[in-house]
Amino acid sequence: MAGKVLFGVEFCTTGLKVAQVRLSGRQAIIERLVRFEPGSDFVSAIAASGMLVKGATVGLSGADVMVRYLRIQPLPPPRMKLAMEFEIGEMKEKSTEPLCADYIVNPVQDVTGDLTAMVVLVKEAVAGQRISDLQRLRISPHSLLPNSFALFNTFLSLKQYDPDGKYLLLDIGAENTSLAVVKGMRLVAARSLSMGGNHFTQFVADSLGISFQEAEKVKKEEGVIKNKGWISERQKKVSEALSLAADRFSGTLSSTLSFLKRQLNWKELKFDKVLLFGGGSVLEGLRGHLAESLRTEVETVTIVPPPEDKYADVDKRPALSERLPPEDLKSATNTGAEFAVAVGLALAGAGEPFVSLSLVPDAIQKQILFKERTVYLIAAGVFLALFCIAMVVSAKVEKGSSVSKKEALEMRMNDANNQLADMERMRKEVELQKDALSHLTLLPDVNRSLVTLLSDLRRKDVIPPEVTLSSLSYRTLSGKKDTEKNPVQKLSVYISGEVVGEAGYEMDAVRKFLRGISKLEYVASASIDASKTGEDRARGRYIFSIIVELKER
12 MAGKVLFGVE FCTTGLKVAQ VRLSGRQAII ERLVRFEPGS DFVSAIAASG MLVKGATVGL
72 SGADVMVRYL RIQPLPPPRM KLAMEFEIGE MKEKSTEPLC ADYIVNPVQD VTGDLTAMVV
132 LVKEAVAGQR ISDLQRLRIS PHSLLPNSFA LFNTFLSLKQ YDPDGKYLLL DIGAENTSLA
192 VVKGMRLVAA RSLSMGGNHF TQFVADSLGI SFQEAEKVKK EEGVIKNKGW ISERQKKVSE
252 ALSLAADRFS GTLSSTLSFL KRQLNWKELK FDKVLLFGGG SVLEGLRGHL AESLRTEVET
312 VTIVPPPEDK YADVDKRPAL SERLPPEDLK SATNTGAEFA VAVGLALAGA GEPFVSLSLV
372 PDAIQKQILF KERTVYLIAA GVFLALFCIA MVVSAKVEKG SSVSKKEALE MRMNDANNQL
432 ADMERMRKEV ELQKDALSHL TLLPDVNRSL VTLLSDLRRK DVIPPEVTLS SLSYRTLSGK
492 KDTEKNPVQK LSVYISGEVV GEAGYEMDAV RKFLRGISKL EYVASASIDA SKTGEDRARG
552 RYIFSIIVEL KER
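Going from the sequence shown to my numbering is simple: count from 1 and add 11.
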């Protein structure tokens, strides 16, 4: 089936959740929903599932994310960008730790005529750790997104709800509850409550005097919130414990909504409907308890299968549909609501109207970009080598028969024209590496060494995680002649970058990188360029340069 395939990955205490969504026309088709148990070998498990996950959007939850609300006057887009960059810069300067930040602006003015901007702040250390977690699964990070924002994306694809309505979205996970306020199909507020399904489990464990694991089983098999009609004394005790937990949950939710009301300068906070997602939403009686507490209609949303489209022709939002294999249907609950965040993370890659943010640290973004460019360069080198081999083989076949020489020549010319067209397309893809590609074309004797080096620079045993490469250049020198006609071509490669690590230990990382390069069999020698290595005080970073001499190949 044609269409763009997107992946969302959610790390949680119950394991790893992965959603695969395909965009086809005006449909967002859920093709896979897989949960991997904690403690398992995720890399092997993902491979065994049959999913080919090359890149994904990964979620952020709980204390990982800080959301700040700013009231700002309506401005033209260029001035708005400058104003927001100034505000974010002020927040970063006041922080004791490096931060990643991005924002979205609600274009609807409030009662005072101002706009509201939501600024999302994440510590660089937290973002880097989450990206490392994803890379250990051999998955490239496309972006990071708070779970509450991902929940909004999933809601956008459910075309059962009034586009002009006002909704409160709650995704009740194990540790946290993601909250999103939607008005007119726009995300106007987002927050996370440090209270989820485990909160209810702990109340059952304390009431019955049993372990947390036993209480979790009791909650799933016997848990119900009701005021009367118990069939046993045990059910009454469990129900009363869950009711107390629900009271505490409702009180925390009400306090959070009051805080948002003050922050956003709202006169009132009323919703057309409260929508429940997440594994904790299936607790029997919770929906009725929240409806009574919030005095609003509450609905548990079904993701598998998605609800029928009621407003299908109102706008061009992709509508959610499902084509899950039987094994995935067995792993999901009867609503599939526990995968709402993972689905929304996947939809972040679909572009507008879905929300996505840029929260990847700059140093890591440079490293990812360098690796992507290196892949293109390697592909170009391999293509050129294959082209040369094809030309040599064609020439030998041509010598075999003088009768077919003309036909062979015509075929070779056609092949050459096709190859030239392919090379032109590839040249555009590797335009940033055109100097390297030109050099490879001129020096076939060292192609293998240089291409192999570029490939090995992506190996974890060669480049330490603290090292970020910024540039690579090389110079060819003519040495002594191995014959009267053929001088030996020697290649010196200059590798530059910076160290992002603990202060005082930067040189250790550079030496470790030097050892990793020196052990490569095609490297004649490698040394640190002391004149270009050290702390760059003007820019507050530690830079380095390594000179590599390649053997003749």
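Glycine included, every Cβ here is placed at the ideal spot set by N, Cα and C.
What you are looking at is a predicted structure, and each value in this text was computed from that prediction instead of being measured.
Membership of A252 in the alpha helix (DSSP H) is indicated by the continuous run 244 to 274. Pairwise C-beta distances place the segment 523 to 542 in contact with the segment 467 to 479, as three or more of them are shorter than 8 Å. In this structure, L132 lies near A112, with their beta-carbon atoms less than 8 Å apart. In the three-state DSSP reduction, A128 falls in the strand class (E or B).
In this structure, the straight-line span from the alpha carbon of I142 to that of Q120 is close to 36 Å.
Assigned with DSSP and collapsed to three states, G347 falls in coil, not helix or strand. Secondary structure at E546: strand, using DSSP grouped into helix, strand and coil. Each of L145, K228, G139, W241 was checked against the Cα of P372, and the nearest Cα belongs to G139. Here G26 is bridged, per DSSP, to C23. For R526, the three-state secondary structure derived from DSSP is helix.
In the displayed model, T165 falls within a helix according to three-state DSSP. With a cut-off of 8 Å on Cβ pairs, the segment 34 to 44 is in contact with the segment 329 to 342, counting three or more such pairs. For the pair R46 and N428, the Cα-to-Cα distance works out to about 50 Å. Only residues of its own chain outside the window of five on either side were considered, and among them V235, I236, K237 have a CB closer than 7 Å to the CB of G296, listed in chain order. DSSP places T68 within a strand segment (E or B) once states are collapsed to three. Within the same chain, no Cβ atom closer than 6 Å to the Cβ of E225 is found once the five residues on either side in sequence are excluded. The beta carbon of S222 sits closer than 8 Å to those of A216, all from its chain and outside the five residues before and after it, given in chain order. The closest CA to that of K327, considering only T25, A30, S35, S536, is found on S35. The alpha-carbon separation between E186 and Q430 amounts to approximately 57 Å. Beyond the five residues adjoining it in sequence on each side, D547 comes within less than 6 Å, by CB distance, of I554 in the same chain, given in chain order. Contact annotation, V29 with V16: C-beta distance approximately 12 Å; criterion of less than 8 Å not satisfied. Straight-line spacing of the CA atoms in R259 and L280 works out to 20 Å. Around the beta carbon of D52, fewer than 16 other beta carbons sit within 10 angstroms, so the residue counts as exposed. C-alpha of D75 to C-alpha of K134: approximately 8 Å in a straight line. A direct Cα-to-Cα measurement between I539 and I557 gives close to 5 Å. By alpha-carbon distance to A537, the top candidate from Y505, G515, V511 is Y505. With a beta-carbon spacing of about 7 Å, D320 and Q171 fall inside the 8 Å limit used to define contacts.
Every beta strand (DSSP E) of 3 residues or more that sits fully in the segment 80 to 144 is shown, in chain order, as 110 to 117, 126 to 134.
Each residue's CA atom was taken as its position, placing E108 and A191 some 27 Å apart. C-alpha of L44 to C-alpha of V534: approximately 46 Å in a straight line. Taken through DSSP and simplified to helix, strand or coil, K239 comes out as coil.
Per DSSP, the unbroken beta strand (DSSP E) holding K177 starts and ends at 177 to 183. Beta bridge pairing from DSSP links S507 with S482, S556.
The DSSP-derived three-state label of S367 is coil. A distance below 7 Å between beta-carbons, with the five flanking residues on each side excluded, links I375 to the following residues of its chain, in chain order: G139, I142. CA-CA distance, F350 to L253, rounds to 24 Å.
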